[in-house]
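Accompanying notes for the structure given below.
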Amino acid sequence: MSTVEFAGADSRSTAQPPARGRKGSRRSATRTFFTPGTIIASVLLGVTIIWALFPGLFTGHDPVDGGDTAALLAPSAEHWFGTDQIGRDVYSRVVHGASRSLLAALIAVGVGLIVGSAIGLIAGSRGGWVGEVLMRIVDVLLSIPALLLSLTIVIVLGFGIVNVAIAVGITAIAQFARLSRSQAVTIMQADYVQAAYGSGGTYWSVLLRHVVPNAVSAVLALAVLQVGSAILQISTLGFLGYGAPAPTPEWGLIIAEGRNFVATAWWLTVLPGLIVMAVVVSTHRLGTALRKAAE
Amino acid sequence: MSSENTNSENSGRGAASRAAARAAASQKSASRGVGTGTPEKYQSRIGIDYSIEYPESFAQAAADAGAVPLLSIRELGVAYTTRSGEPSAAIRDVDLDVHAGSMTAVVGESGSGKSTTAGAVIGLLAANAQVTSGEIRLSAHGDAPQLDLRALSPREWQKVRGARIGYIPQDPGTSLNPLKTVGANVAESLRLHTGLGSAQRRARVLELLDRVGIDRPQMRLEQYPHELSGGMRQRALIAAAISLDPQLLIADEPTSALDVTVQKRILDLLDELRREAGTGILFITHDLAVAAERADELVVVRDGVVEEQGPARRLLGRPESAYTRRLLADAPSMQTLVGAVGPVRAAEASPAPASPNEHDPGRSEADRTDALSLAQESSPSPGPSGSAPPLVEVRGLTQVFARVPREEDTADAADAATTGALAGTAVHNTAVHDTAVHDAAVHDAADPRTATAPSSPDATAIIGIEDVDFTVPEGTTLGLVGESGSGKSTIGRALAGFSTPQSGSIRVGHYEAESLSKRELRDFRRTVQLVHQNPASALDPAHSVGASIAEPLRNFRMGSKADRADRVAQVMERVALDPGLASRRPRELSGGQLQRIAIARALVIEPRLVVFDEAVSALDVTVQSQILDLIQRLQEELGLTYVFISHDLAVVRQVAHTVTVLSRGRQVETGPVEQVFAHPEDPYTQRLLAAIPRPLDTQVLDLQALSI
Numbered sequence: 001m002s003t004v005e006f007a008g009a010d011s012r013s014t015a016q017p018p019a020r021g022r023k024g025s026r027r028s029a030t031r032t033f034f035t036p037g038t039i040i041a042s043v044l045l046g047v048t049i050i051w052a053l054f055p056g057l058f059t060g061h062d063p064v065d066g067g068d069t070a071a072l073l074a075p076s077a078e079h080w081f082g083t084d085q086i087g088r089d090v091y092s093r094v095v096h097g098a099s100r101s102l103l104a105a106l107i108a109v110g111v112g113l114i115v116g117s118a119i120g121l122i123a124g125s126r127g128g129w130v131g132e133v134l135m136r137i138v139d140v141l142l143s144i145p146a147l148l149l150s151l152t153i154v155i156v157l158g159f160g161i162v163n164v165a166i167a168v169g170i171t172a173i174a175q176f177a178r179l180s181r182s183q184a185v186t187i188m189q190a191d192y193v194q195a196a197y198g199s200g201g202t203y204w205s206v207l208l209r210h211v212v213p214n215a216v217s218a219v220l221a222l223a224v225l226q227v228g229s230a231i232l233q234i235s236t237l238g239f240l241g242y243g244a245p246a247p248t249p250e251w252g253l254i255i256a257e258g259r260n261f262v263a264t265a266w267w268l269t270v271l272p273g274l275i276v277m278a279v280v281v282s283t284h285r286l287g288t289a290l291r292k293a294a295e
Numbered sequence: 001m002s003s004e005n006t007n008s009e010n011s012g013r014g015a016a017s018r019a020a021a022r023a024a025a026s027q028k029s030a031s032r033g034v035g036t037g038t039p040e041k042y043q044s045r046i047g048i049d050y051s052i053e054y055p056e057s058f059a060q061a062a063a064d065a066g067a068v069p070l071l072s073i074r075e076l077g078v079a080y081t082t083r084s085g086e087p088s089a090a091i092r093d094v095d096l097d098v099h100a101g102s103m104t105a106v107v108g109e110s111g112s113g114k115s116t117t118a119g120a121v122i123g124l125l126a127a128n129a130q131v132t133s134g135e136i137r138l139s140a141h142g143d144a145p146q147l148d149l150r151a152l153s154p155r156e157w158q159k160v161r162g163a164r165i166g167y168i169p170q171d172p173g174t175s176l177n178p179l180k181t182v183g184a185n186v187a188e189s190l191r192l193h194t195g196l197g198s199a200q201r202r203a204r205v206l207e208l209l210d211r212v213g214i215d216r217p218q219m220r221l222e223q224y225p226h227e228l229s230g231g232m233r234q235r236a237l238i239a240a241a242i243s244l245d246p247q248l249l250i251a252d253e254p255t256s257a258l259d260v261t262v263q264k265r266i267l268d269l270l271d272e273l274r275r276e277a278g279t280g281i282l283f284i285t286h287d288l289a290v291a292a293e294r295a296d297e298l299v300v301v302r303d304g305v306v307e308e309q310g311p312a313r314r315l316l317g318r319p320e321s322a323y324t325r326r327l328l329a330d331a332p333s334m335q336t337l338v339g340a341v342g343p344v345r346a347a348e349a350s351p352a353p354a355s356p357n358e359h360d361p362g363r364s365e366a367d368r369t370d371a372l373s374l375a376q377e378s379s380p381s382p383g384p385s386g387s388a389p390p391l392v393e394v395r396g397l398t399q400v401f402a403r404v405p406r407e408e409d410t411a412d413a414a415d416a417a418t419t420g421a422l423a424g425t426a427v428h429n430t431a432v433h434d435t436a437v438h439d440a441a442v443h444d445a446a447d448p449r450t451a452t453a454p455s456s457p458d459a460t461a462i463i464g465i466e467d468v469d470f471t472v473p474e475g476t477t478l479g480l481v482g483e484s485g486s487g488k489s490t491i492g493r494a495l496a497g498f499s500t501p502q503s504g505s506i507r508v509g510h511y512e513a514e515s516l517s518k519r520e521l522r523d524f525r526r527t528v529q530l531v532h533q534n535p536a537s538a539l540d541p542a543h544s545v546g547a548s549i550a551e552p553l554r555n556f557r558m559g560s561k562a563d564r565a566d567r568v569a570q571v572m573e574r575v576a577l578d579p580g581l582a583s584r585r586p587r588e589l590s591g592g593q594l595q596r597i598a599i600a601r602a603l604v605i606e607p608r609l610v611v612f613d614e615a616v617s618a619l620d621v622t623v624q625s626q627i628l629d630l631i632q633r634l635q636e637e638l639g640l641t642y643v644f645i646s647h648d649l650a651v652v653r654q655v656a657h658t659v660t661v662l663s664r665g666r667q668v669e670t671g672p673v674e675q676v677f678a679h680p681e682d683p684y685t686q687r688l689l690a691a692i693p694r695p696l697d698t699q700v701l702d703l704q705a706l707s708i
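Here the protein sequences come in this chain order: A and B. Residue numbers for the first sequence follow full-length UniProt numbering, beginning at 1 and rising by one. Residue numbers for the second sequence follow full-length UniProt numbering, beginning at 1 and rising by one.
Shown next, in the form of structure tokens:
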């Protein structure tokens with residue numbers, strides 16, 4: 001009986017101030033997260049995701065077959081982004097291309113996230129020669145320019161959107177490995193990791209139960225940040241012709257095809273380019289905000 | 001004042017504001033000669049004649065003559081505006097005075113508003129805090145006018161901070177700029193407030209460093225903060241605070257991060273400063289013993305309200321508020337007092353006064369003497385017939401991380417202090433490792449009582465531990481005491497199986513801890529558990545506390561899922577926590593609750609030995625007392641054996657049966673706790689005991705009379 005009272009007194013006298021502070025800080029964290037910038041970014045990204053899921057809701061035109069529409073029409077109410085050299089509606093192609101570009105970006109980030117964090121977490125928590133070898137491999141990856149590396153990988157794997165995504169993912173491994181290694185090194189020094197070993201934990205149980213959950217928020221924030229640059233890189237490879245084959249609506253390819261008509265029909269490159277830019281900037285903005293919130 | 005020259009209102013430390021302030025200062029110097037103070041005062045205070053003892057009555061007379069307090073706070077209220085809108089009051093109706101030459105201590109636990117009070121006085125509150133009511137007045141000083149500190153503009157504040165109010169921050173480790181030399185750090189306010197040239201500043205900084213008792217100031221001036229020990233850094237910060245001869249010093253927990261012997265020297269220095277220069281000191285502390293020993297006036301605050309205030313003597317003798325009484329009772333230093341004041345009586349008369357701790361009901365005298373007799377057997381010979389061999393046996397434990405030449409011992413410290421600059425560069429490279437030795441050495445020399453033989457005759461100092469022997473009989477507590485860097489935690493880590501010693505043996509039960517295979521080590525962990533200093537960092541923030549407690553069970557595959565939940569609930573009740581808290585995250589609980597959780601996790605697999613590594617050092621005094629009670633109760637109920645590591649002698653005295661004193665990696669004394677504390681044989685132990693704050697030396701505090 002007395003023990004319960006004891007605990008009650010303890011919690012009453014000391015638990016309240018921190019609880020109040022925590023609520024305050026959580027509220028302020030959400031407030032700093034929802035700035036006008038992040039709201040606009042979320043809306044833009046949300047629209048793009050809906051494009052990718054339900055392209056038919058946004059456009060009635062066929063993205064692949066232009067039919068008998070005139071070529072190189074200027075933007076109008078009928079064709080928002082105009083039409084390309086064979087009369088296809090460019091806006092429709094951008095909307096239909098969203099799914100491919102976003103999916104490829106997710107695959108790329110997924111590859112980087114999983115492989116990179118695994119390398120980084122093991123290197124950071126194991127240390128010793130294992131860590132050294134792993135991180136030197138990562139240094140090699142870092143030392144090759146990303147575009148060159150991804151071009152090489154696509155050539156080895158063969159053309160196609162999925163291969164492009166994998167190639168871009170491999171270039172992202174280094175960044176994930178470095179971040180998760182630094183997280184793991186910090187976490188391994190924490191008292192609670194020592195306490196976990198002290199209570200009979202093995203290396204793998206400590207890694208999975210303590211290191212991964214505490215490292216994950218920072219790594220996920222980087223992942224969101226990477227989505228933007230993955231879209232950009234995939235578009236770049238698509239533009240260079242390493243991505244999806246010609247009729248497929250894919251953002252890089254759309255811009256590449258419009259390139260030949262920049263002097264006469266600038267909208268073919270500029271408008272899809274603006275869309276790519278808006279999506280990349282939006283994910284970057286959200287990723288930065290998430291990273292700050294995670295800290 | 002030519003305030004239009006000060007073209008920046010920025011009170012921060014940006015380069016722009018500094019440049020502006022410098023410009024303003026040089027303008028002033030053109031019209032007034034030297035800075036904001038009067039040159040004559042510098043001479044008399046910090047010049048060659050500072051060693052002259054001022055008459056005892058000097059400060060008193062100054063205070064009486066003035067009658068007006070130097071700092072007067074009336075009905076001060078400070079509120080923090082929160083996101084939700086309505087401001088929450090941090091302090092309310094605080095009244096206090098600081099007189100010239102006297103010290104007023106504000107005492108309270110964390111979150112009581114102590115530091116907010118200090119912040120309001122020096123005008124450095126957090127951005128979301130506001131003084132809502134009351135007044136703060138700083139009296140006239142020399143030709144400086146009386147000031148209403150609430151009404152100052154940021155520009156006016158710049159002339160008050162540093163010049164008229166000095167500030168000594170809490171943590172000397174982080175309060176000096178690591179990129180600048182100590183000299184540059186100390187000279188900063190001189191640079192901002194006076195027009196002194198760099199040579200003059202250097203000379204002044206030398207005087208200041210000498211004044212605060214830093215040996216070889218010539219050399220220290222050029223060193224960087226990391227090359228100085230904690231005590232030395234705090235001295236440097238005090239030098240910076242008094243550089244402009246302020247009338248008021250605010251000391252915000254200036255000794256909380258320091259070892260007890262260093263703390264004593266810093267407090268002595270502050271006493272000296274106020275006696276000699278009539279500086280008033282506003283002393284913020286959580287340690288009632290320190291406040292009681294040094295302060296003239298005490299202000300006890302709790303939850304932002306003054307609980308009780310008055311002359312220290314009266315307040316300690318006859319505390320009126322129940323809260324003050326509880327603080328007094330909970331402070332372990334205070335409990336030591338009875339024994340420490342009359343050690344002979346404690347040792348000779350019936351043992352009752354030796355254990356005045358009324359919180360300690362279960363520990364019978366028989367128990368204690370039994371432990372003593374066991375502990376006295378702690379020689380290599382096996383225990384006497386009838387008593388089992390001790391649970392823990394450590395022999396010749398050695399783990400040396402580095403050996404550094406001990407460049408000087410206490411004997412030649414006086415020499416070093418006088419020759420000062422001459423020694424300068426010769427010892428520069430070794431000093432990096434061993435500045436603490438200097439600090440200790442110089443001040444030992446200054447204190448004739450302790451300037452006795454060095455604690456170890458060896459020619460080298462070590463980092464780590466060397467040749468440590470002790471035994472711990474089952475069911476008793478061994479206290480490991482020592483200052484920071486003495487190797488306490490190294491022993492704790494070795495005992496708990498986190499490091500393998502270079503030589504020596506550790507036997508716990510039937511395990512030889514120094515030679516365990518990986519599998520044996522896991523079994524060993526069921527026998528020995530370690531409780532860390534800081535429970536907030538020892539519990540994974542991502543897990544609920546219940547999951548943390550259940551982790552050892554899961555790791556050792558003990559019980560089904562439902563069983564585990566039951567055992568978690570049981571062990572939480574055992575440590576006096578509501579089992580309903582099991583689903584909470586660590587950040588939702590208080591420090592005391594977290595330490596209970598950490599203890600529960602250690603106990604859930606029923607170990608035989610628990611190593612507490614400074615397990616109560618991070619807690620407030622009342623919480624600390626609760627945790628100590630809990631630890632003792634658990635020992636009685638479960639027959640646990642403890643190794644209790646602490647720098648706090650008072651705490652060790654309260655919980656331990658036997659005690660081992662460590663100094664710089666070597667064991668200097670081992671014995672039953674009452675014997676070591678009442679009749680310390682080693683000079684180091686004597687010095688350590690002498691440094692415990694002892695409020696009102698002449699007055700024996702009768703705790704029983706406080707009816708607690």
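Beta carbons: idealized from backbone N, C-alpha and C, even for Gly. Computed from a predicted model, the values in this text were never measured in an experiment.
Taking a cut-off of 8 Å on C-beta distances, the segment 275–283 of chain B touches the segment 85–103 of chain B, as three or more cross pairs fall below it. Burial check for Val616/B: the Cβ neighbour count within 10 Å reaches 16 or more, so the residue is buried. Non-local C-beta neighbours of Ala105/A in its own chain, meaning closer than 7 Å and more than five positions away in sequence, comprise Val227, Ala230, Ile231 and Ile234, ordered along the chain.
Counting the other CB atoms within 10 Å of its CB gives Phe401/B a total below 16, which places it among the exposed residues.
Residue state for Ala129/B is assigned as strand, using DSSP reduced to three classes.
Every beta strand (DSSP E) stretch that sits fully inside the segment 505–558 of chain B and reaches 3 residues is listed by chain position as 528–531. Arg584/B has its alpha-carbon roughly 48 Å from the corresponding atom of Leu147/A. Residues of the segment 197–213 of chain A with a C-beta less than 7 Å from any C-beta of chain B: Gly198, Ser199, Gly200, Gly201, Ser205, His210 and Pro213, listed in chain order. Among the CB atoms of chain A, one or more fall inside 9 Å of the CB of Phe556/B. DSSP places Ile692/B in the coil class of the three-state scheme, outside both helix and strand. Taking a cut-off of 8 Å on C-beta distances, the segment 142–150 of chain B does not touch the segment 225–239 of chain B, as fewer than three cross pairs fall below it. The segment 251–265 of chain B makes no contact with the segment 180–188 of chain B; the number of CB pairs closer than 8 Å stays below 3.
Along the segment 82–112 of chain A, there is no position whose C-beta sits under 7 Å from a C-beta of chain B. Across the segment 492–514 of chain B, CB contacts with chain A closer than 7 Å involve Ala496 and Phe498, in sequence order along the chain.
Chain B places no beta carbon closer than 9 Å to that of Tyr242/A, leaving this residue out of the contacts. Proximity of the segment 530–540 of chain B to the segment 561–568 of chain B falls short of the contact definition, fewer than three beta-carbon pairs being nearer than 8 Å. A straight line joining the alpha-carbon of Val575/B with that of Leu298/B spans about 35 Å. When DSSP states are grouped into helix, strand and coil, Gly280/B belongs to the strand group. Every unbroken stretch of the alpha helix (DSSP H) spanning 4 or more residues and falling wholly within the segment 63–135 of chain A is given here in chain order: 90–126. Counting along the chain, Ala265/A sits inside no alpha helix (DSSP H), nor does DSSP assign it H or E at all. Around the beta-carbon of Pro246/B, 16 or more other beta-carbon atoms lie within 10 Å, marking it buried.
For Gln194/A, the chain B residues whose C-beta falls within less than 7 Å of its own C-beta are Phe498, listed in chain order. Around the beta carbon of Gly97/A, a 10 Å sphere encloses 16 or more other beta carbons of the protein chains shown; the residue is thus reported as buried. Residues Pro680 of the same chain have their beta carbon placed closer than 6 Å to that of Gln686/B, with the five preceding and five following residues left out of the count.
Annotation: Cβ neighbours of Asn534/B in chain A (cutoff 8 Å, chain order): Asp191.
Closest in C-alpha terms to Tyr511/B, from the list Val481/B, Gly119/B, Ser198/B and Arg525/B, comes Arg525/B.
Under the 9 Å criterion on CB atoms, His543/B is classed as interfacial with respect to chain A.
Its chain contains Glu250, Gly252 and Leu253 as the residues whose beta carbon lies nearer than 6 Å to that of Gly238/A, once the 5 sequence neighbours on both sides are disregarded; these appear in chain order. Scanning its chain for C-beta atoms nearer than 8 Å, with the 5 sequence neighbours on each side dropped, one finds around Val673/B the residues Gly479, Val652, Arg653, Ala656, His657, Thr658 and Val659, in chain order.
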